[in-house]
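When the letters of the sequence shown are read in order and numbered with our numbering, they come out as residues 1 to 230. First comes the structure, then the notes that go with it.
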Amino acid sequence: MTVGSLFVSDLPTTHAATNAQPKAIYKVDTDKKVVALTFDISWGNKVPEPVLDVLKKEKVTKATFFLSGPWTLHHPEIAKQIKNMGYEIGNHGNLHKDFSRYPDSWIREQVSISEKSIQQVTGVKTKLIRTPNGDFNPRVIRCLNSMGYTVIQWNTDSLDWMNPGTKNIVNRVTKRAVPGDIILMHASDSSKQIVEALPQIIDQLRKDGYQFVTVSELLANAKVSSSIVR
């Protein structure tokens, strides 16, 4: 994969002396047809395993799962399965609440709790985070960056949690995906149609020439050279 550039949210800072702007990453600009399939999990045990079964059957060996702390503790065997299958694990927070509504001390506490929970169960010390509901502001990102985290958003949203119909989920992903994309899906029980949609998404993206990589693999082959305001 050739070096590209990160497609980020470049947010204004209130501190003129701060050199680095806080950023959340949405995609990577690259000429290679690679995408990162990402799955958020914060609730339930009926959907995660079937999603893993689909990935195994379809021989998708690269994907990134963002796990909440409580879910990981409640379903350790599934979390371990994700790790043992070789998938990347990121942090999805502890309480599923908007970070921007709380002070830095609360954010640090919540992220630390979920980080410890995930590490306790899987042995993974997370470095990537997707905030609950994708909520953030410049202060939140600065706080998370100071904890050593890279904030990961998405460029293509499947809207699978809305359960709009399998065909609609498939079409949203396959028609919007672009090289270097980060694709948002869910493996929580609230996403009732993703198990049926996922094989079709994988099949169509492959037909379109895409290969699957982890979020970290996208980031490792990119430089920050372009930004947008969101």
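Where is the CB? At the ideal position from N, CA and C, for every residue including glycine.
- An exposed status is given to residue 77, since fewer than 16 other beta-carbon atoms sit within 10 Å of its beta-carbon.
- Nearest to residue 67 by alpha-carbon distance, out of 147, 204 and 89, is 89.
- Within 10 angstroms of the beta-carbon of residue 185 lie 16 or more other beta-carbons, which makes it buried.
- Take the alpha-carbon of residue 180 and the one of residue 173: they are about 13 Å apart.
- Within the DSSP secondary-structure output, residue 88 pairs in a beta bridge with 64.
- Look at the segment 100-161 and you find these whole runs of alpha helix (DSSP H), each 4 residues long or longer: 104-122 and 138-146.
- Taking residue 169 as the centre and dropping the five residues before and after it, the same chain places the C-beta of 158, 159, 160, 193, 194, 197 and 201 closer than 8 Å to its C-beta, in chain order.
- Membership of residue 55 in the alpha helix (DSSP H) is indicated by the continuous run 48-57.
- Cβ atoms of residue 220 and residue 35 stay farther apart than 8 Å, at about 15 Å.
- Residue 113 is a Cβ neighbour of residue 94, given a cutoff of 8 Å.
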